[in-house]
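The structure under discussion appears below in the form of structure tokens.
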Amino acid sequence: MKRNTIALALMSAAASALAQEASLSEMTVYGERPAAFRNITTSTEAATKALIESTNVINTEDAVKYLPSVQVRKRYIGDRNAILSSRNSGTIDSARSLVYADNVLVSMLLGNSFAYAPRWWFIAPQEIDRVDVSYGAHSAAYSGNAVGVVMVMKSKLPEKFEAHAEAQAFTQSFNLYGTDETYSGSRLGAFLGNRHGDLRWTLSASHFDNTGHPQSFKTSSRKTADTGGTVVTGYHWDKDPKNADRVVMGATSIDHTIQGNAKIKLAYDFSPASRLTYTLGHWRNDSDVGVQTYLRDASGNPVYSGSVKIDGATYSLSATDLQPSKRLEEHWMNSLTWRFDPKSEGDWAFEAALTDYDIDKDKTRKPTTALPGAASGGAGQVQLLDGTGWVTADMRVDWRPARGKRGHDVAFGYHYDKHTLNDRTWTNTNWLVGDATTVNAGNTGKTETQGIYVQDAIALSPDLKMTIGLRYEQWRAFNGTKTNTTSTLTYPDRKSTFASPKFSLSWVATEDWLLRGSLSRATRFPTVTELFQGSISGSTIVNNDPNLKPEKILAGELAAERDIGGGSLRVSLFQDNLKDALTRQTTGTVTTVQNVSKVRVRGIETALQHKDAFIRGLDLTGSLTFVDSRILAWEQRPTAVGHRMIRLPDWRATLAATWHASDKMDWTLAGRYSGRQFNEFDNSDTNDEVYGSTSRFLVIDAKFNYRFDKRFSVAVGVDNLTNEKYFAFHPYTQRSWVAQAKYQF
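So, in structure tokens, the structure goes:
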């Protein structure tokens, strides 16, 4: 009976901060139930390997772009700032999600902005077996950072020798303002794995090389005063997000990035129930960021700085307005996990994980002199982030007496993390190669969180399950300093404790319907950079706040899931009430980190997965989400009250259709839609089709796969088929093509 199968799935479904290996068979993409979450207390979705391979995946984050309500702020191919957003979190809320690669936390919780994307590189696209997502902070196993989504990317260990190789080439034609260029790149990936008795090992590596389109532009509001200057041509007029006239003088942040990564994983089975796994990963990035001036003087020479005359008015270009840069990064990740689970032969299971993420090298060089002279050297600055990083430790115990026959499924555990910021900026005499000479600015600090939790899934009847949980956390911020050229300011240490209760009730109402309600509290603590990292670079200012309050969340969800045979249909109503919501806003060139007193986010989310829909061989996955987000109270910004929260679109939709034309051929057509959203708290940025705005968009993607045999396949795809021009402040990728070849043994 379906009814009994669903009930059994409810009793034994997996969900935890440390991914489990069970698998169930009801109600999800292509007939599989999410396997990464234990004691499911909220809505879950999954992207299987079949779905991932049917769409265009160049970088790891591409694997999740068709999941319901999930959007990845990937501005260009190879973007290292690919932020994950969800139904209640925007594209600058990087600390409102938790991302795991197998048992390893890869979320970069050093900050909450565009610069702190998950470390997607730690699992290569060819390694991913499936991705599971849960929505909302309804599990006691997770911190308040789970208020958006918890995402677990899972790979498989080999049972015999495996070898995979993949090559991709991609290109984009980009046209905006005075830039009309073609940008191209490539990616090579390889994977080896084998099993020798109780020892399994894998080795993966990839090399990536691409030039992205411009991410920023030098603009200025219209002026009328004429105080002299060089008469120039080549500029472009348009309207800013508030519909005021502005002139565009050049493009910046044209990133040529060369990335390489390698990872080795060793897993040893002491017994069928006990496995120890060690993983070592290394990532390197060599980035050369260029600029393009649109301005030309009367002789046709490019103009990069100084006073210029445009349409009879004088404008000023500083030496750093069109500023190139170079960045070298080298990161190491170590993780050690142990899992003991006798499954049906015992009542107890145990899991532990240790991770250490070390930013071994991070050096950014920028000139303080203007181009074209800066191209050959000159004075500049060097920013060093060496020594920044984090460590985590997690332990979890599961007690399932007689595998649920006594009506209880108990989990309890401990979590520890420490995040360290070590940011220094020095002046030097040659920005290209010179050593650091004089301290110009610096920010240091640490945060630490310890948490314990307990959660019990109680079978009230064969069809009714109640899950209750409690998480208790102690957080502290310490060793915070801010340095300038003359002095160092030391911030006071801080400490807070919070308790977060959880409640969920699920009911298998019929053979086809599952109903669930969840109500939970959670706390999202300020990150170390929100507290301690302020900066001034040219005209760009970031204001940190060492007195930020933790964000308190009251989250609720009502969900109904229906088994439709070969798939599922889900409808979820959700609401989050946020007190002291942590966010940041950029106005012009000034970014401020702040608390918003009260915010309410509520909406409805629908999701559909269906295999062999309408005709045999046609697989569908889609979603439609509506969100109403409102600022309810804010004493410091009363003009924002009643307006929508920034970076949260009102509508989101996804649809992907894959037709398996034969055993050798697959055709996929997919679309992503995002509705109206804002960058300003008073929602005054009504022009959403220009640089600096956050656009509504409809993007169409397509892919064709052809398999010559079980080992060799090729594919060609296109993202943004209709060449939509859209923005998340910065411009997204325009029409881009990708060709790929794969070989596996």
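Residues -19 to -1, 1 to 726 (mature numbering (1 follows the signal peptide of the UniProt record, and there is no 0)) make up the sequence shown, in order.
Ideal Cβ positions, reconstructed from N, Cα and C, are used throughout, including at glycine.
Just so it is clear, the structure is predicted and the values come from calculations on it, not from any experiment.
The DSSP-derived three-state label of Ser187 is strand. Proximity of the segment 428 to 437 to the segment 446 to 454 meets the contact definition, three or more beta-carbon pairs being nearer than 8 angstroms. Relative to the Cα of Pro353, the nearest Cα in the group Val45, Ser286, Pro507 and Thr602 belongs to Ser286. Close CB contacts of Ala536 within its chain, under the 7 angstroms cut and outside five residues either way in sequence, are with Gly117, Ala118, His119, Val128, Ser501, Ala503 and Asp557 (chain order).
Spatial neighbours of Leu629 in its own chain (CB-CB distance under 8 angstroms, excluding positions within 5 residues in sequence) are listed in chain order as Asn69, Ser70, Gly71, Val582, Val608, Ser610 and Gln658. Within the same chain, Trp407, Thr408, Asn409 and Thr410 come within 7 angstroms of Thr418 by CB-CB distance, once the 5 residues on both sides are set aside. Proximity to Phe331 across Leu257, Gly698, Met89 and Arg320 peaks at Arg320, based on C-alpha coordinates. Take Ile522, set aside five residues on each side of it, and the residues of its chain with a beta-carbon closer than 6 angstroms to its own are Val571, in chain order. Phe331 has Phe321 and Val378 as its beta-bridge partners, per DSSP. Taking the C-beta atoms as reference points, Leu91 is found nearer than 8 angstroms to Leu402. Per the coordinates, the alpha-carbon of Ala588 lies some 10 angstroms from the alpha-carbon of Leu636. Judged by DSSP secondary structure, Lys199 falls outside any alpha helix (DSSP H) and instead within the beta strand (DSSP E) spanning Ser197 to Ser202. Between Met134 and Asp644, the alpha-carbon positions lie close to 27 angstroms from each other.
Judged by DSSP in its simplified three-state form, Lys137 adopts coil rather than helix or strand. About 5 angstroms separates the beta carbon of Phe685 from that of Val697, a gap short enough to meet the 8 angstroms contact definition. With contacts defined as CB atoms closer than 8 angstroms, Ser78 and Ser67 qualify as a contacting pair.
The continuous stretches of beta strand (DSSP E) do not include Ala206, and DSSP gives it neither H nor E.
Counting only runs of 3 or more residues that sit fully inside the segment 92 to 138, the beta strand (DSSP E) segments are 109 to 116 and 130 to 136, in chain order.
Under the three-state reduction of DSSP output, Lys30 falls in the helix class. Burial of Glu511 is indicated by the presence of at least 16 other C-beta atoms within 10 angstroms of its C-beta.
When DSSP reads this structure, Tyr81 sits in a beta bridge with Leu86 and Val133. Per DSSP, the continuous alpha helix (DSSP H) segment holding Glu511 begins and ends at Val509 to Phe513. In the displayed model, Thr350 falls within coil according to three-state DSSP, outside both helix and strand. Val695 is not a Cβ neighbour of Asp682, given a cutoff of 8 angstroms. With contacts defined by Cβ atoms closer than 8 angstroms, Val112 and Met132 form a contacting pair.
The Cβ atoms of Leu445 and Trp494 do not sit closer than 8 angstroms to each other. Counting every other CB atom within 10 Å of its CB across the protein chains shown gives Pro49 a total of 16 or more, marking it as buried. The beta carbon of Leu317 is closer than 6 angstroms to those of Tyr259 and Leu335 in its chain, skipping five residues each way along the sequence. Asn40 counts as buried, since no fewer than 16 other beta carbons sit within 10 angstroms of its beta carbon. Separation of Asn126 and Ala82 (C-alpha to C-alpha, rounded to the nearest whole angstrom) is 16 angstroms.
Taking a cut-off of 8 angstroms for Cβ pairs, the segment 275 to 290 and the segment 360 to 379 do not touch, as fewer than three such pairs fall below it. Shortest Cα-Cα distance from Asn524 to any of Thr567, Ile545 and Ile534 involves Thr567. A straight line joining the alpha-carbon of Ser676 with that of Pro222 spans about 10 angstroms. Here Ile596 is not bridged, per DSSP, to any residue.
Residue pairing by DSSP puts Asn558 in a beta bridge opposite Leu535 and Arg581. In the DSSP assignment, Ala243 falls within the beta strand (DSSP E) that extends over Asp226 to Ser252.
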